[in-house]
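To start, the structure under review is shown below, and the notes come after it.
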Amino acid sequence: MVRYLIAFLFIVQGPAAQAVTQAEVMAGSAKLYREQIDELRKGYRLDDDERFGARVAALARPLIAQAKREFPESAAWDWELHTTSDGDANAFAMAGGKMLVSRAYVDALALGDAELAMLLAHEIMHAVLRHNLKEFEEALRLEPARAAQPFAEFEYDIDHDNALMRKLAGFNQQQEMEADREGLQFAVRAGWAPQALVAYFRKLAKHSHYPNFERFDHPSPASRWQAARALAAQMEAAR
């Protein structure tokens, strides 16, 4: 019975888990990133604040270098970082190290350098921990029939199919918490003080209209701040 169950699970889950590869996800992310970058460039909103761009690059450079050391796969990536004045962009890092940071978002939270470094470390963790790929794999686990779906359609549905997005919401919240936790530890290894980094989460909660409520695919800002404070305290005590 046990051997039969294992064989059954392999048949059901095995092909689905292999239906999307990291190479496909990186190629798809590069295409989507290029489309967004081109759109911002056309609107004269790409890298439109030289001073802010230089500040972000200076903070990101050592973090990316560390990511390449700690996650050797990422050393071969074509990392790319841009900034924008577009307030809708916030900040993200897509598969393969494609990053964008909004000055409007950073200004709204009044982020200092350590807090901005925490934001960058969080986003870098999404990329190096393969969160995009894991989201596809979770979607396939939930809906195995999507293994037969063309990748471009599957990729679109990940961000636009409301029913699928609701199913993935809890999983994506867990990935956000992982990026918080691993990002904080990563930034500390890069030389930042834990308590200085945690201030990012305090500001995130402070500037939220509903700090105790979860967003669709993000934990509540207050819970993120609480978890980061606890982790920082543990790290400080261990020093």
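Residue numbering for the sequence shown is 0 to 238, as defined by numbering that gives the first Met the number 0.
The C-beta atom is built at its ideal place from N, Cα and C for all residues, glycine as well.
query	result
Rounded C-alpha distance that separates residue 217 from residue 179	11 Å
At least 3 beta-carbon pairs within less than 8 Å: the segment 126-136 vs the segment 168-182	yes
Three CB pairs or more closer than 8 Å across the segment 25-36 and the segment 92-102	yes
Of the listed residues 198, 142, 147, nearest to residue 164 (C-alpha basis)	142
DSSP beta-bridge partners of residue 34	Answer by DSSP bridge pairing: none, since residue 34 is not bridged.
Inter-residue CB distance, residue 139 and residue 58 (contact presumed, cutoff 8 Å)	That pair is no contact at about 36 Å.
Proximity of residue 124 and residue 182 at Cβ, strictly below 9 Å	yes
Coarse secondary structure for residue 110, derived from DSSP in three states	coil
Beta carbon of residue 117 nearer than 9 Å to that of residue 196	yes
Residue(s) in a DSSP beta bridge with residue 20	Partner(s): none; residue 20 has no beta bridge.
Assigned exposure category for residue 158 - 16 Cβ within 10 Å defines buried	exposed
Runs of alpha helix (DSSP H) lying entirely within the segment 127-185, each at least 4 residues, in chain order	130-141, 150-159
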